[in-house]
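*Asks:* Structure below; questions to follow.
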Amino acid sequence: MNLHHVLFFCFFSALCGGNSGINIYTGPEGGSGTINCHFTLPGNRKFFCKNECKGEDILVQTDDVRANRGRYSIEYKGESSGRGIVSMTIRNLTQSDSGTQYRCGLGGSLVPDSFWDFEVRVSDELLDRKSGFIRTNIEGENVTYPCIDAVNRDRIFFCKGECKKEEDIFIETNGNRAQSGRYSIEYKEGSTFGLDVTITQVLKSDSGQYRCGYGRALSPDSSRTFSVIVVDAPTTSKPTWTHRPSSTSVPSASTPPPIISSQGVLLYVGLTLLVVFILSSLAVLIICIKRNPTLCGLRTRGNSDATNMEISPYENCPPVSKHEDSTYQSLSPASMDQDETYETL
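All residue numbers for the sequence shown refer to the working numbering, where the first residue is 375 and numbers rise by one.
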């Protein structure tokens, strides 16, 4: 692997992996849950595994459209656009499933073509065993949930629980947007769902059921009820990047998933680009010195103790050779002549 490959790998890994976190889904104890992974490319072999994806950790692996193994099943659906959806189902969820990291993907489980990682948590507080997996939020995130669109948009609202108490009704407004503390609501003309609600800096105490919609909170014209689950950050920091580009996976539910904001992404990308620039400049300097140390500003002077290097600025550095050298000259300080220039590693 040459220097250019190393730089590219570092840059790609920093953007795609990093500390972007891992998606977490919570399911009801004793119930079942399905998660869909959307991939931009089709594939023949599909797999569903956990942890290190070796041996018994490979739950299901098949070249067929669907396959079952114990409590686990997998199904593949190809789209006309050439994209594919891998659906994984876990039945009869137990506490032993909680905290486990899973992976769905295409290709081999050890060297996949593309994959997506996620963590499963099991809760006994979810009374509805048919609720399936619910996207789980990390404490401190800003989270946006879409509401349904409607013809009558005279009044919009955002509330929690049964929305019968005044303190449970966060917002009721005739405008297109409003904010109350950490809660906000906004209607966007032409957007997919029209109405969005946002909770900033979510806390574990924010976990519960919410409702947003049109009309009044006590007597809505149309509304959507959704659950919010907030947990501590996962203990694992394994990146969720894919070998080939893949869109994010979403729960297999009729309601749309929440939209997680990406604070700090611009700063992270900027720092990554800065590191890549510094490494690239250093690489060019090293190659330049190796090719022609005199023109590039490297002078060596031998003495009885060690080799001293003086760096002085020079212009018109010759272009870097397109060929890589595999042989380097090793120097012994005792054999150095004061009038000669040597190449060093």
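Idealized CB from N, CA, C, for every residue including glycine.
As the structure is a prediction and not an experimental result, all values here were calculated from the model.
A607: buried (16+ other C-beta within 10 angstroms of its C-beta) or exposed?
*Replies:* A607 counts as exposed, since fewer than 16 other beta carbons sit within 10 angstroms of its beta carbon.
*Asks:* Once the 5 residues before and after S554 are set aside, which same chain residues still bring their CB inside 6 Å of it?
*Replies:* F544 and I545
*Asks:* Which residue comes first and which comes last in the beta strand (DSSP E) that contains C533?
*Replies:* I530 to K534
*Asks:* I'd like to know whether the C-beta atoms of E605 and R495 end up nearer to each other than 8 Å.
*Replies:* The identity of residue 605 in the sequence shown is Val, whereas the question assumes Glu. Taking 8 Å as the Cβ cut-off, V605 and R495 qualify as a contacting pair.
*Asks:* Considering Cα atoms alone, identify which of Y557, T474, G473 and R477 is closest to C533.
*Replies:* Y557
*Asks:* Locate the beta strand (DSSP E) running through F492, then write down its first and last residues.
*Replies:* P486 to S497
*Asks:* Quick check on the DSSP output: the beta strand (DSSP E) that includes E546 runs from which residue to which?
*Replies:* I543 to T547
*Asks:* Which value, in whole angstroms, describes the spacing of the CA atoms of R465 and R503?
*Replies:* 11 Å
*Asks:* Can you look up C662 in the DSSP assignment and give me helix, strand or coil?
*Replies:* helix
*Asks:* I'd like to know whether the C-beta atoms of T408 and G506 end up nearer to each other than 8 Å.
*Replies:* yes
*Asks:* Going by the beta-carbon positions, is the gap between S596 and Y588 smaller than 8 Å?
*Replies:* yes
*Asks:* Starting from S447, trace the beta strand (DSSP E) both ways and give me its first and last residue.
*Replies:* Y446 to G452
*Asks:* Are F422 and M462 closer than 8 Å when you measure CB to CB?
*Replies:* yes
*Asks:* Express the C-alpha separation of R551 and E563 in angstroms, rounding to a whole number.
*Replies:* 12 Å
*Asks:* Let me confirm a value: K420 is counted as buried when at least 16 other C-beta atoms fall within 10 Å, else exposed. Which label applies?
*Replies:* buried
*Asks:* Cα separation between K428 and G458?
*Replies:* 24 Å
*Asks:* Going by DSSP, which residues form a beta bridge with L569?
*Replies:* C521 and Y561
*Asks:* Compare the C-alpha of I512 against each of C411, C586, V576 and R529 and name the closest.
*Replies:* V576
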